[in-house]
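In this note's numbering, the protein residues as written are 2 to 173. Virtual Cβ for every residue (Gly too), placed ideally from N, Cα, C. It should be emphasised that the depicted structure is a prediction, and the values quoted were computed from it without experimental measurement.
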């Protein structure tokens, strides 16, 4: 996907890069959003987005900006992130609070999931859920994920949801 865009009915998803610092900081500044994913200073966001760019370059996948096709507005992020500590690829999504409840998270995550199974050789993808993040749990369940194990991420407990590669679907 590096260098091009995933398009859905309502959304455009493109690789996040360091030019997205301001919108990334703004997304994570909302207490409703950062309750589960944390906030970022501009410097922390630049460091995080540098890691995202490196993952795209080295692994061929990473996090994407989610933009509305109708307006070009940045409404969040989704994508596939490799976690070295688990040796697994997580499908994640984070949207601006004012865009919750419109199906955008499910639409973006499904597009990333489809792209990931078509492009990567992963046998499954995970989705990491912090306790109490019921809206994200509902998105994961709509996508077909189910709980696989309890673990810790950055010292915080998470439930690791997973979705196995569909039978008969091989990567390109």
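Item                                                                                               : Value
Residue burial classification, residue 150 (beta-carbon count within 10 angstroms, cutoff 16)      : exposed
Beta-carbon proximity list for residue 114, same chain, < 8 Å, skipping 5 on both sides            : 92, 126, 144, 164
Three-state class that DSSP yields for residue 169 in the structure shown                          : coil
C-beta atoms of residue 46 and residue 30 nearer than 8 Å                                          : no
8 Å Cβ cutoff met for residue 82 and residue 111                                                   : no
Residue ranges of each beta strand (DSSP E) within the region 8 to 70, 3 or longer                 : 12 to 16, 64 to 69
Residue 115 - containing alpha helix (DSSP H), residue span                                        : 105 to 120
Presumed contact (8 Å Cβ cut-off) between residue 175 and residue 33, rounded CB distance          : Nothing in the structure corresponds to residue 175, since the chain is present only between 2 and 173.
Environment of residue 139 [buried if 16+ CB atoms lie within 10 Å]                                : exposed
Inter-residue spacing [alpha-carbon to alpha-carbon] between residue 116 and residue 14            : 11 Å
Close beta carbons around residue 26, own chain, < 6 Å, minus the five adjacent residues each side : 41, 43, 46
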